[in-house]
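Right, one structure below, let's go through it.
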Amino acid sequence: MSTTQDEIIIAPVETEQDIRQANYCVSEAFGRQAKDAVWILMNPGWDTEEGQAGHAEGMIQRWRSGTTNKDGQPNKIYLKATLPDPEKPGQRRVVGMAIWQQLSDVDGYGDSFTGDMTEALAQLDGANKRFADQMFKSLWKRRIAYIKEVSQRKDGRPPAIFTLDLCAVDPAYQRRGIAGKLVQWGLEEAKKRGELECTTEGSAMGRAVYRKLGFKDEGEGDIVFEVEDEFQDWDKPPNVFLRTGA
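If you count the sequence shown from 1, position 187 lands on 189 in our numbering, and the numbers rise without skipping.
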């Protein structure tokens with residue numbers, strides 16, 4: 003718990019309002035600040051009230067439909083970082099969020115992950131749909147392969163990984179160590195779950211924080227996006243596959 007009212011508090015999301023405020027942080031970080039082309043494509047209307055409300059509702063539904071592992075722990079954790087709300091004395095506001103997920107191909111050890119984006123891509127059509135599909139297949143290619151490797155291990159360690167699926171801080175509250183605290187929470191949780199290895203796909207903006215906290219590059223260079231010739235000139239946000247045991 004905090005010792006002063008101004009201290010950053012990291013805790014799992016508790017309410018729908020938490021999710022709405024967290025969704026705003028994600029939109030500001032990926033949409034307005036990073037101008038992430040793929041994220042913007044997948045979140046139409048992100049900079050409008052109607053779009054914000056719709057995307058937040060989708061996140062609320064995903065948050066409420068989570069599963070648990072064999073030990074009763076949530077496989078997917080929506081994590082919030084809060085600070086005192088300057089506009090509402092006595093209340094706190096979500097200024098950053100992370101999504102951590104336990105993944106495995108073995109029943110009871112985590113959510114399975116196939117990278118199936120059929121439902122998410124249904125809103126797109128034509129070239130945009132093909133582009134996004136090819137981008138996500140490339141982005142998650144190594145994650146899927148590594149889950150398979152870990153799920154087949156016979157060394158007595160849990161056949162699962164703990165993945166940082168998303169990390170975002172409202173640009174108005176950056177450079178306060180908030181992202182690092184969201185990441186550190188997950189690293190500590192992974193240890194409690196049986197020394198699980200952590201992985202992530204690090205964006206240009208986040209990878210420095212991840213490396214500082216122990217994530218390492220697997221191989222050299224960014225993820226290679228395998229797309230058709232017509233998409234060679236399309237904006238492709240750089241990402242790199244990182245893991246704590248690399």
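C-beta: ideal position from N, C-alpha, C; glycine also.
Can you tell me which residues form a DSSP beta bridge with residue i?
i, result
"Gly99", "Reading off the sequence, residue 99 comes out as Met, not Gly. DSSP, once it has assigned bridges, lists Lys82 and Ala170 as partnering Met99."
"Leu105", "Asp113 and Ile163"
"Ala13", "Lys82"
"Arg94", "Pro86"
Over what stretch of residues does the beta strand (DSSP E) that includes residue i continue unbroken?
i, result
"Leu1", "Here the chain comprises residues numbered 3 to 248, so residue 1 is not present and cannot be evaluated."
Could you please give the first and the last residue of the uninterrupted alpha helix (DSSP H) stretch that includes residue i?
i, result
"Val226", "Element bounds for Val226: n/a, residue is neither H nor E."
"Lys214", "Arg209 to Lys214"
"Gly74", "Per DSSP, Gly74 belongs to no alpha helix (DSSP H) and is neither H nor E."
"Ala58", "Glu51 to Arg66"
"Ala248", "That residue, Ala248, is in no alpha helix (DSSP H); it is neither H nor E in DSSP."
"Met44", "Ala39 to Met44"
"Arg22", "Glu18 to Val28"
So for residue i, helix, strand or coil by DSSP?
i, result
"Lys238", "coil"
"Asp135", "helix"
"Thr5", "For Thr5, the predicted structure reports a pLDDT of 37, less than 50, and the residue's modelled location is therefore unreliable. A value from the coordinates is still provided. DSSP places Thr5 in coil when its eight states are reduced to three."
"Asp219", "strand"
"Ala124", "coil"
"Ala129", "helix"
"Gly33", "helix"
Would you call the stretch 175 to 191 and the stretch 120 to 130 touching, i.e. three or more CB-CB distances under 8 Å? Short answer: they don't touch.
Could you pull out every unbroken beta strand (DSSP E) segment of at least 3 residues lying fully inside the stretch 141 to 205, listed in chain order? Counting only runs of 3 or more, we get 163 to 171 and 199 to 205.
Tell me whether the stretch 192 to 202 and the stretch 230 to 238 touch, counting them as touching only if at least three CB pairs, one residue from each stretch, are closer than 8 Å. The stretch 192 to 202 is not in contact with the stretch 230 to 238.
Determine contact between the stretch 68 to 75 and the stretch 95 to 102, defined as no fewer than three beta-carbon pairs at a distance below 8 Å. A contact is defined here as three or more CB-CB pairs under 8 Å, and the stretch 68 to 75 fails this definition with respect to the stretch 95 to 102.
Touch check for the stretch 130 to 147 and the stretch 82 to 89: three-plus C-beta pairs under 8 Å? Segments in contact, no.
Touching by the beta-carbon criterion (3+ pairs, under 8 Å), the stretch 164 to 171 and the stretch 100 to 117: The stretch 164 to 171 vs the stretch 100 to 117: in contact.
When you compare the stretch 24 to 35 with the stretch 213 to 228, are there three or more beta-carbon pairs, one atom per stretch, that lie closer than 8 Å? These segments do not touch.
So, does the stretch 180 to 190 touch the stretch 208 to 224, judging by three or more C-beta pairs under 8 Å? As far as the Cβ criterion goes, the stretch 180 to 190 touches the stretch 208 to 224, which means the pair count is three or higher.
Could you tell me whether the stretch 8 to 22 touches the stretch 54 to 65, using the rule of 3 or more Cβ pairs below 8 Å? Result yes; three or more Cβ-Cβ pairs closer than 8 Å.
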